[in-house]
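Reviewing the structure listed below.
2 protein chains.
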Amino acid sequence: MNLKQLSEKLGLSQTTVSRALNGYPEVNEETRRRVVEAARQHDYRPNARAKGLATGRAMAIGHVIPISAKFEIVNPIFADFIAGAGESYSKAGYDMLISVVRNDDEERVYRDMKSKGNVDGVIVHSPRLNDSRIGHLHEIGLPFLVHGRSSGCDIGYSWIDVNNRRAFERAARFLLDLGHRRIALLNGPEMMDFAIRRRAGFENALREAGIEPDPALMHSAEMTEGFGHRAAAEALALPEPPTAFLVASILIAIGVRRAIEESRLTMGRDISVVTYDDDLSYLRNGDDIPIFTAVRSSVREAGRLAAEMLISAIADPSLPHLDRLLEAELTVGQSTGPVPVRS
Amino acid sequence: MNLKQLSEKLGLSQTTVSRALNGYPEVNEETRRRVVEAARQHDYRPNARAKGLATGRAMAIGHVIPISAKFEIVNPIFADFIAGAGESYSKAGYDMLISVVRNDDEERVYRDMKSKGNVDGVIVHSPRLNDSRIGHLHEIGLPFLVHGRSSGCDIGYSWIDVNNRRAFERAARFLLDLGHRRIALLNGPEMMDFAIRRRAGFENALREAGIEPDPALMHSAEMTEGFGHRAAAEALALPEPPTAFLVASILIAIGVRRAIEESRLTMGRDISVVTYDDDLSYLRNGDDIPIFTAVRSSVREAGRLAAEMLISAIADPSLPHLDRLLEAELTVGQSTGPVPVRS
DNA sequence: GACGATTCTCAAAGCGCTTTGGCAGATCGA
DNA sequence: TCGATCTGCCAAAGCGCTTTGAGAATCGTC
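Chain order of the listed sequences is A and B.
Residue numbering for the first sequence follows my numbering, beginning at 1 and increasing consecutively.
Residue numbering for the second sequence follows my numbering, beginning at 1001 and increasing consecutively.
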């Protein structure tokens, strides 16, 4: 059923039917009622491509999700971010287009999307330090919003981010307040902007407490359980092991716990762990009592907001750049305790 | 830069330029070379909507990913499945459209996709027992492929699935061979087809060994770490606790391990654990030596294959239904051992 | 009752592409 | 040399929608 058929059935012109359906004022309310009813009855829905062609709007947002070329890892936070964004899109009548892409191919994909015209804007994921994609998107004139920020990038752009620096500052201070002095940092890949900020927050808190960060206690890698386990096992085998770990994701924390238990130590008593928690739906930090002490911010909520912001930016291009800084909240769980007395 | 402008620049008609670019034979090779070169130089790419409108093909595949309405959980395997499918799509020049949807809304979404015409086909995720979506898609005539199967559904359809029944049969037999007699099953939600098959395989192996499955040892829920922990803690507190767990995902297994360790037992010695492993990129079962004994099948590979199959089904609708049954492979890790002698 | 204002509806153009049908000019066989 | 066949190109229609510009019909007003 297309517009032509529907209008013939109603004995009206395509124009009138189209206007009636799209809420234009110059159509009799009685006529509109008839049209809307007929459309509902025949399950008519305008063809998205034709509509897009006529209006010049794709009613779709693109997400380019990078795959770490070396490790072939898909960051698990995408599932939840996408779920959040998807909610906002379906409310606003937008579709979501996803391209999974090797890191180096991203700019080509943006260019393609622009010239193929199948999206009205894109969300940029996992921004790196001084990320070239931002300038690139500016250049080709495709509206976009960054999930995260890119330090060193001096062009204005819209973004939504968590205050990663403050989150890690608070987490580190919490451990320092418990008396910990040797704190290991298991960070995400430090070409990523969020990881840089987290490290800065961590180091800052240490220095404020008069402690010089020890490079031997700071590691950075893809945020997997395996990394957490390996790095923690190594750290615990040091002559002077850390008494606490500050880690960048629950998956890392799970690996750390495994290493702690393999060392016949008890988490929360012998060794403290604080983690960053994206509040992933399938990886909740305990059902009732949190397992890990954590700084938490829901990545799903971030997805919801990101989509809303981008949509409104597209709706009114004259708007200034939008940004939003979310604060992570600290919740105390069972994984932290005062520094144990030396035996 | 659109076709008209490009053809004017070249002093050719739109027809010729279009044919040259699309590889039609009735154009001089020399002319084609010129056209292709000019297109490359001006970074010309045909507008996707216009092309779709003209050809009637959207060059896009839809994925409807359901959110469990009760728990708001996004199944983490989607990230990897999508990554795999995305690879095949970009090779074939297809886009991927994703809708995140509350369970009950799915059929409306399929209907929308069909009438809006923004996809050429869809992948159906998480099929349930006797899933109504299959009949529905048949009815509206939208090509589709099911990731999994739907027992009780008597219509023919294309699918790709793991041999879940055999996987759990083998896993259970492995435990039985080690002497385990009380084996707990922590299964996925049993309205899901895969969970039903897994349970059948499990029960089958037990019965073959002359053991009647004990309902008190079989649990079914969303596959989270929390579920694994809770269910395992409860089971271990039974007067006659199980000596082994067979679980449906690594996340559950991680929860089980936590419960085991909280009970001051050692996994692999006191209690054995076998898990199903989707080979998720961010949740590898150990880097070198597998942590858990597991039956494994890569969901990413399944995504790749699913996309390929659907694309070829769309390319040639006269093809009979395609299907593909993948076998999971058993890898022995550190989480299993012979049943301990009663103290 | 005539006139302008208002309300409702329509025909047609246009979005950017593919594809049909056809037309010159070159090539070939007899 | 002439008609038949190919080759290489083109004009125009059509995909399904929105939107412009305009025309009928209705209304209120003097």
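Where a beta carbon is used, it is the ideal one built from N, C-alpha and C, also for glycine.
Remember, predicted model here, so these are calculated numbers, not experimental data.
Distance between beta carbons of residue j and residue i, contact taken as under 8 angstroms
i, j, result
"B:Thr-1293", "B:Thr-1331", "7 angstroms"
"B:Leu-1178", "B:Gly-1337", "7 angstroms"
"B:Val-1101", "B:Val-1064", "6 angstroms"
"A:Gly-255", "A:Gly-228", "3 angstroms"
"A:Asn-151", "A:Leu-129", "For clarity, residue 151 of chain A is Ser in the given sequence; the question names Asn instead. Yes, A:Ser-151 and A:Leu-129 are in contact; Cβ-Cβ is about 6 angstroms, under 8 angstroms."
"A:His-138", "A:Ile-123", "15 angstroms between Cβ atoms; not a contact."
"B:Glu-1231", "B:Leu-1186", "Reading the sequence as shown, one finds Ala at residue 1231 of chain B and not Glu. That belief holds up - the Cβ atoms of B:Ala-1231 and B:Leu-1186 are roughly 5 angstroms apart, short of 8 angstroms."
Chain B residues whose Cβ lies nearer than 8 angstroms to that of residue i
i, result
"A:Glu-261", "Glu-1261"
"A:Lys-4", "Those within 8 angstroms of A:Lys-4 in chain B number zero; the least Cβ separation is about 14 angstroms."
"A:Ser-90", "Ser-1099, Val-1100 and Val-1101"
"A:Gly-52", "Arg-1049"
"A:Asp-104", "In chain order: nothing, as chain B lies at least about 14 angstroms away."
Chain A residues whose Cβ lies nearer than 7 angstroms to that of residue i
i, result
"B:Pro-1076", "Pro-76, Ala-79 and Tyr-282"
"B:Arg-1045", "Asp-112, Ser-115 and Lys-116"
"B:Ala-1083", "Ile-67, Val-74 and Val-100"
"B:Ile-1254", "Ile-254"
Where the alpha helix (DSSP H) through residue i begins and ends
i, result
"B:Leu-1137", "1132-1140"
"A:Arg-230", "225-236"
"A:Ser-90", "77-92"
"A:Tyr-110", "106-116"
"A:Ala-20", "14-21"
"B:Asp-1177", "1164-1177"
"A:Glu-37", "29-41"
"A:Arg-398", "The structure shown does not extend to residue 398 of chain A, since chain A is modelled only from 1 through 343, so no value can be given for it."
Per-residue contacts from residue i into chain A (C-beta, under 9 angstroms)
i, result
"B:Leu-1246", "By Cβ distance, chain A contributes nothing, its closest Cβ being about 20 angstroms from B:Leu-1246, past 9 angstroms."
"B:Ala-1058", "Ala-48 and Arg-49"
"B:Glu-1203", "None at all; the shortest Cβ gap to chain A is about 26 angstroms."
"B:Leu-1310", "Going along chain A, no residue has its Cβ under 9 angstroms from B:Leu-1310, so there is no contact; the nearest lies around 16 angstroms."
Environment of residue i [buried if 16+ CB atoms lie within 10 Å]
i, result
"A:Leu-217", "buried"
"B:Met-1191", "exposed"
"A:Val-162", "buried"
"A:Ser-88", "buried"
"A:Ala-315", "exposed"
"B:Ile-1160", "buried"
"B:Phe-1196", "Per the sequence shown, residue 1196 of chain B should be read as Ile rather than Phe. Looking at its Cβ environment, which holds 16 or more other Cβ atoms inside 10 Å, B:Ile-1196 is buried."
"B:Tyr-1110", "buried"
"B:His-1042", "exposed"
"B:Leu-1238", "exposed"
"A:Ile-291", "buried"
"A:Lys-4", "exposed"
"A:Glu-240", "exposed"
"B:Ala-1184", "buried"
"B:Lys-1091", "exposed"
"B:Ala-1167", "buried"
"B:Asp-1112", "buried"
"B:Ala-1020", "buried"
"B:Ala-1054", "exposed"
"B:Val-1341", "exposed"
"B:Tyr-1044", "buried"
"A:Leu-325", "exposed"
"A:Asp-288", "exposed"
Bridge partners - residue i, DSSP secondary structure assignment
i, result
"A:Glu-329", "A:Arg-296"
"B:Asn-1002", "Looking at the DSSP assignment, B:Asn-1002 forms no beta bridge with any residue, so it has no partner."
"A:Phe-144", "A:Val-122"
"B:Arg-1128", "B:Met-1192"
"B:Thr-1185", "With the sequence shown as reference, residue 1185 of chain B is identified as Leu, and Thr is not the correct amino acid for it. BP columns for B:Leu-1185 point to B:Met-1218 and B:Leu-1246."
"B:Asp-1323", "B:Trp-1159"
"B:Met-1267", "B:Ile-1271"
Opening and closing residue of the beta strand (DSSP E) in which residue i lies
i, result
"A:Thr-275", "272-277"
"B:Val-1101", "1095-1102"
"B:Ile-1067", "1060-1067"
Chain B residues whose Cβ lies nearer than 7 angstroms to that of residue i
i, result
"A:Ile-73", "Ser-1281 and Tyr-1282"
"A:Gly-86", "Ile-1098, Ser-1099 and Val-1100"
"A:Asp-95", "Leu-1097 and Asn-1118"
Under 9 angstroms by beta carbon: chain B residues contacting residue i
i, result
"A:Asp-287", "Thr-1224, Gly-1226, Phe-1227, His-1229 and Arg-1230"
"A:Gly-337", "Within chain B, no residue comes near A:Gly-337; the closest Cβ sits about 16 angstroms away, beyond 9 angstroms."
"A:Ala-251", "Note on identity: in this sequence residue 251 of chain A is Leu, with Ala being the wrong assignment. Those are Tyr-1282 and Leu-1283, listed as they occur along chain B."
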